[in-house]
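Input: a single structure, listed below in structure tokens.
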Amino acid sequence: AAAGPAAAGLALSALAVHALLLAAVTRYAPWTSAEALVASNACVGGPATAAAFAATRWPELVAPAVIWGTVGYAAGTGLGLRLFSFVM
Numbered sequence: 055a056a057a058g059p060a061a062a063g064l065a066l067s068a069l070a071v072h073a074l075l076l077a078a079v080t081r082y083a084p085w086t087s088a089e090a091l092v093a094s095n096a097c098v099g100g101p102a103t104a105a106a107f108a109a110t111r112w113p114e115l116v117a118p119a120v121i122w123g124t125v126g127y128a129a130g131t132g133l134g135l136r137l138f139s140f141v142m
């Protein structure tokens with residue numbers, strides 16, 4: 055129970071850094087803000103939430119949201135397993 059506030063603080067910190075980097079990079083990047091928002095959603099929420107989000111305003115971004123969200127799951131799983139074996 056004592057770890058709850060610390061875990062919430064870590065999650066909020068990670069999302070804040072993500073949002074700041076997204077805003078900074080999008081300003082100078084060759085992609086649109088719509089593409090950046092859908093990609094961000096794919097990173098944080100995965101392919102299902104990114105596809106639903108994209109379908110509401112940018113239907114042409116649904117397929118990239120699903121593809122890159124799935125690639126993110128695959129990469130994150132591999133990196134998480136490697137990190138776990140390194141830490142443990």
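Numbering (our numbering), first residue to last: 55 to 142. Quick reminder that beta carbons are idealized off the backbone N, C-alpha and C, glycines included. Quick caveat, the model's predicted, so the values are computed rather than measured.
- DSSP, read as helix, strand or coil, puts A93 in helix.
- For G132, the enclosing alpha helix (DSSP H) has its first and last residue at 116–141.
- A88 counts as exposed, since fewer than 16 other C-beta atoms from the protein chains shown sit within 10 angstroms of its C-beta.
- The three-state reading of DSSP puts P84 in coil, since its state is none of H, G, I, E or B.
- With a threshold of 16 other beta carbon atoms within 10 Å, P101 meets it and is buried.
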